[in-house]
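Participant: Quick note on this note's numbering: the sequence shown kicks off at 79 and runs consecutively.
One structure, pasted below without further comment.
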Amino acid sequence: MTAQPGSPRILSPDAGSDPAPAKLNESSARSMLAVRQIRLTDFRNYRQLRLDCGLEPVVLVGGNGTGKTNLLEALSFLAPGRGLRRARLDDVCRRQVRGASGGEEPAATAWAVAATLDTPEGRLVIGTGLEPGRNEGSLPRRVVRIDGKPASSQTALGLHVAAVWLTPQLDRLFLDGAGERRRFLDRLVTALHPEHAGDVAAYENALRQRARLLGEGNRDPHWFTALEDTMARHGVALAAARADTVHRLDAAARLGIGPFPRAALAMAGEIDGWIAAMAAIDAEDRLRAELAANRLRDAEAGTTSCGPHRSDLAVRHLDLDLPAAEGSTGQQKAVLVSIALAHARLVALSRGRPPLLLLDEIAAHLDAERRVALFDEIVALGAQSWMTGTDAELFAPLGGRAQILCVADGSIVAV
Ligand SMILES: Nc1ncnc2c1ncn2[C@@H]1O[C@H](COP(=O)(O)OP(=O)(O)OP(=O)(O)O)[C@@H](O)[C@H]1O
Ligand SMILES: [Mg+2]
């Protein structure tokens with residue numbers, strides 16, 4: 079089989095067949111979440127790809143710009159949300175490319191990711207992507223199908239798939255603004271509380287609408303009351319889910335994992351204080367009242383002064399006894415990996431399956447001892463982790479415990 083530029087080589091030659099049966103024994107397969115086959119259509123630099131895989135961790139090795147992160151991004155769309163790049167959906171469509179013959183292949187206007195997964199509920203086919211508008215003039219839209227049936231919202235994905243990713247951009251998580259940390263945390267929360275993604279979306283939508291009304295000088299109390307009620311209900315639900323996750327994650331991360339540091343986590347924010355001090359229903363009333371009282375002030379300031387969008391995740395490196403942001407680059411990365419591993423353990427215990435771990439350029443900044451410990455922990459967790467790197471040598475300690483795949487210009491072959 080030869081790979082054509084722009085025409086990706088398909089790993090498995092038996093197109094159309096089902097993914098292979100699990101190699102690990104049945105009991106381990108039952109408690110796993112594993113992608114057994116992934117198919118991409120017009121997804122970034124992949125015109126078409128079909129990749130069959132086993133239950134073991136997957137390592138994607140290849141040069142810069144070959145499509146490693148793109149494949150992780152495709153996998154990230156199997157969980158609720160906008161994927162690991164938070165890209166606009168139409169940016170994900172394969173761009174116009176010059177074919178081998180010199181001719182132009184037109185840009186795509188839609189894309190699709192379909193995956194066959196082993197889950198504790200059995201084998202499942204998930205499809206998602208951007209579909210062209212149904213009628214002339216209607217806009218393309220994101221669709222989700224589970225076992226061929228359309229799902230009404232992305233929350234349905236969260237019932238089956240939890241995915242957590244670490245990317246090079248997250249190396250700055252503790253130095254960046256609180257918004258990045260909230261987004262990272264919300265992914266961890268969604269893995270434990272699948273409805274969380276829906277609460278966040280509903281809250282943010284109402285928050286934006288209220289801000290727009292304020293900006294337009296609208297003072298109609300009915301509009302505000304309705305929007306602030308939505309913000310109070312979803313805002314308190316999402317803050318309570320964050321509080322629960324952070325509480326459990328703090329207990330797990332304080333233990334540390336091998337050479338990875340012990341870490342302490344806490345929510346910091348006004349609403350987080352209410353959640354700790356009063357019943358949810360009272361916290362809702364409090365938020366409703368604060369929002370109503372602050373309309374004028376918010377209109378003048380051009381911000382919304384109260385709510386879970388103001389909260390932050392505070393992380394401390396316990397071995398250094400310092401805020402995580404004050405550690406070195408490598409120490410910050412080690413804290414991040416500590417949190418991700420503690421979270422994977424927590425999700426495995428609580429939902430009977432660890433999340434899919436998408437670890438982009440994971441070996442960067444980790445010393446040899448930590449790399450070995452990370453690989454051992456991933457294997458012990460039974461997590462199907464997808465790792466990328468430009469240097470295969472760094473993954474040598476995995477030995478035969480992982481599937482090593484070589485990525486080259488939108489094609490993937492097993493090593
Ligand atoms: N919408 C798109 N259509 C076609 N190609 C795209 C699109 N978006 C990104 N690409 C290209 O896909 C290629 C692979 O990108 P990707 O980020 O996956 O590389 P990578 O293998 O992770 O590289 P690195 O090691 O540098 O991180 C890049 O050349 C990029 O320009
Ligand atoms: Mg990359």
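Built from N, CA and C at the ideal position, the CB exists for glycine as well.
Quick one: is the Cβ of R288 within less than 7 Å of any heavy atom of ligand 1?
Facilitator: Sequence index remark: in the sequence shown, residue 288 carries index 210 (1-based). Result no, Cβ not under 7 Å from ligand 1.
Participant: According to the Cβ coordinates, are L427 and L327 closer than 8 Å?
Facilitator: Reading the sequence shown from its first residue, position 349 is the one you call residue 427. Reading the sequence shown from its first residue, position 249 is the one you call residue 327. In this structure, L327 does not lie closer than 8 Å to L427 by Cβ.
Participant: Is the distance from the Cβ of D168 to the Cβ of L118 below 8 Å?
Facilitator: Within the sequence shown, residue 168 is the residue found at index 90, counting from 1. Within the sequence shown, residue 118 is the residue found at index 40, counting from 1. It is not a contact, given that the beta carbons lie outside the stated cut-off.
Participant: Is the Cβ-Cβ distance between A441 and G408 less than 8 Å?
Facilitator: As a first step, residue 441 is located in the sequence shown; it is residue number 363 there, counting from the start. As a first step, residue 408 is located in the sequence shown; it is residue number 330 there, counting from the start. No, Cβ-Cβ distance for A441 and G408 is not below 8 Å.
Participant: Beta carbon of G430: closer than 7 Å to some heavy atom of ligand 1?
Facilitator: Along the sequence shown, read from residue 1 onward, the residue named residue 430 stands at position 352. Answer for G430: no, Cβ out of range of ligand 1.
Participant: What do you reckon, is the C-beta of D169 under 7 Å from a heavy atom of ligand 2?
Facilitator: Numbered from 1 along the sequence shown, position 91 holds the residue referred to as residue 169. It does not: the Cβ of D169 is nowhere closer than 7 Å to a heavy atom of ligand 2.
Participant: Would you please state the rounded distance, in angstroms, between the beta carbons of R320 and M110? I believe it to be under 8 Å.
Facilitator: Within the sequence shown, residue 320 is the residue found at index 242, counting from 1. Within the sequence shown, residue 110 is the residue found at index 32, counting from 1. Wrong, their Cβ atoms sit about 27 Å apart, outside the cutoff.
Participant: Heavy atom of ligand 1 less than 7 Å from the Cβ of N296, yes or no?
Facilitator: As a first step, residue 296 must be located in the sequence shown, where it is residue number 218. No, since every heavy atom of ligand 1 falls outside the 7 Å radius drawn around the Cβ of N296.
Participant: Can you give me the C-alpha to C-alpha distance between R260 and V242, rounded to a whole angstrom?
Facilitator: Counted from its first residue, the sequence shown places residue 260 at position 182. Counted from its first residue, the sequence shown places residue 242 at position 164. If I take the Cα positions, the gap works out to 14 Å.
Participant: Leaving aside the five residues before and after Q481 along the sequence, list all residues of the same chain whose C-beta is less than 8 Å from its C-beta, in chain order.
Facilitator: Translated into the one-based positions of the sequence shown, residue 481 becomes position 403. Excluding sequence neighbours, Q481 sits near C131, G132, E134, P135, V136, V137 and A492.
Participant: Rounded to whole angstroms, what's the CA-CA distance from T245 to A280? Just pull it up for me.
Facilitator: Numbered from its first residue, the sequence shown carries residue 245 at position 167. Numbered from its first residue, the sequence shown carries residue 280 at position 202. Using only the alpha carbons, I get a separation of about 27 Å.
Participant: Taking only three categories from DSSP, how would you classify T468?
Facilitator: Along the sequence shown, one-based indexing puts residue 468 at 390. Three-state DSSP puts T468 in coil, outside helix and strand.
Participant: Using the beta-carbon count (16 or more within 10 Å), is G460 buried or exposed?
Facilitator: Here residue 460 refers to the residue found at position 382 when the sequence shown is read from its first residue. Buried is the call here.
Participant: When burial is assigned at 16 or more other CB atoms within 10 Å of the CB, is W301 buried or exposed?
Facilitator: As a first step, residue 301 is located in the sequence shown; it is residue number 223 there, counting from the start. Result: exposed.
Participant: Please look up how many angstroms separate the CB atoms of A342 and R332, rounded, as I've assumed it's under 8 Å.
Facilitator: Taking the first residue of the sequence shown as position 1, residue 342 is located at position 264. Taking the first residue of the sequence shown as position 1, residue 332 is located at position 254. About 6 Å; that satisfies the 8 Å criterion.
Participant: When DSSP labels each residue in this structure, what does S231 get in the three-state scheme?
Facilitator: Numbered from its first residue, the sequence shown carries residue 231 at position 153. Coil at S231, not helix or strand.
Participant: Would you call H325 buried or exposed, if buried means 16 or more other Cβ atoms sit within 10 Å of its Cβ?
Facilitator: If you number the sequence shown from 1, residue 325 lands on position 247. By the 10 Å Cβ count, H325 comes out exposed.
Participant: D487 to E182, Cα distance in whole Å?
Facilitator: The residue labelled residue 487 in the question sits at position 409 within the sequence shown. The residue labelled residue 182 in the question sits at position 104 within the sequence shown. Each residue's alpha carbon lies about 17 Å from the other.
Participant: Can you tell me where the beta strand (DSSP E) with H395 in it begins and where it stops?
Facilitator: Along the sequence shown, read from residue 1 onward, the residue named residue 395 stands at position 317. D390 to H395 is the extent of the beta strand (DSSP E) around H395.
Participant: Among R429, L435 and H443, which one has its Cα closest to the Cα of L198?
Facilitator: Position 120 of the sequence shown, counted from the start, is the residue given in the question as residue 198. Here residue 198 is Pro; the residue named in the question, Leu, does not match the sequence. Taking only the C-alpha atoms, the option nearest P198 is R429.
Participant: Between which two residues does the alpha helix (DSSP H) harbouring M309 extend?
Facilitator: Residue numbering aside, residue 309 sits at position 231 when the sequence shown is read from its first letter. Where M309 is concerned, the enclosing alpha helix (DSSP H) stretches over P299 to A331.
Participant: Helix, strand or coil: how does DSSP classify A256 here?
Facilitator: By one-based count along the sequence shown, residue 256 stands at place 178. In the structure shown, A256 sits in a helix (DSSP, three-state: H, G or I).
Participant: Taking C-alpha atoms, which residue in R125, A446, A355 and T382 lies nearest to R366?
Facilitator: Counting from 1 along the sequence shown, the entry for residue 366 is found at position 288. Nearest option by C-alpha distance: T382.
Participant: Does DSSP put I349 in a helix, a strand or coil?
Facilitator: For this step, residue 349 is matched to residue 271 along the sequence shown. Reduced to three states, the DSSP call for I349 is helix.
Participant: For the beta strand (DSSP E) containing Q481, list its first residue and its last residue.
Facilitator: Mapped onto the sequence shown, residue 481 falls at position 403. Here the beta strand (DSSP E) through Q481 covers Q481 to A486.
Participant: Give me the Cβ distance between V485 and T144, rounded to the nearest whole Å; I'm assuming they're in contact under 8 Å.
Facilitator: As a first step, residue 485 must be located in the sequence shown, where it is residue number 407. As a first step, residue 144 must be located in the sequence shown, where it is residue number 66. Going by Cβ atoms, the distance from V485 to T144 rounds to 5 Å, so yes, they are a contact pair.
Participant: Assuming A186 and D120 make a contact with CB atoms under 8 Å, what is their CB distance in whole Å?
Facilitator: On the sequence shown, residue 186 is found 108 positions in, with the first residue counted as 1. On the sequence shown, residue 120 is found 42 positions in, with the first residue counted as 1. A186 to D120, Cβ: 3 Å. Contact.
Participant: Could you tell me whether any non-hydrogen atom of ligand 1 is closer than 7 Å to the CB of V485?
Facilitator: Position 407 of the sequence shown holds residue 485. V485: yes, Cβ under 7 Å from ligand 1.
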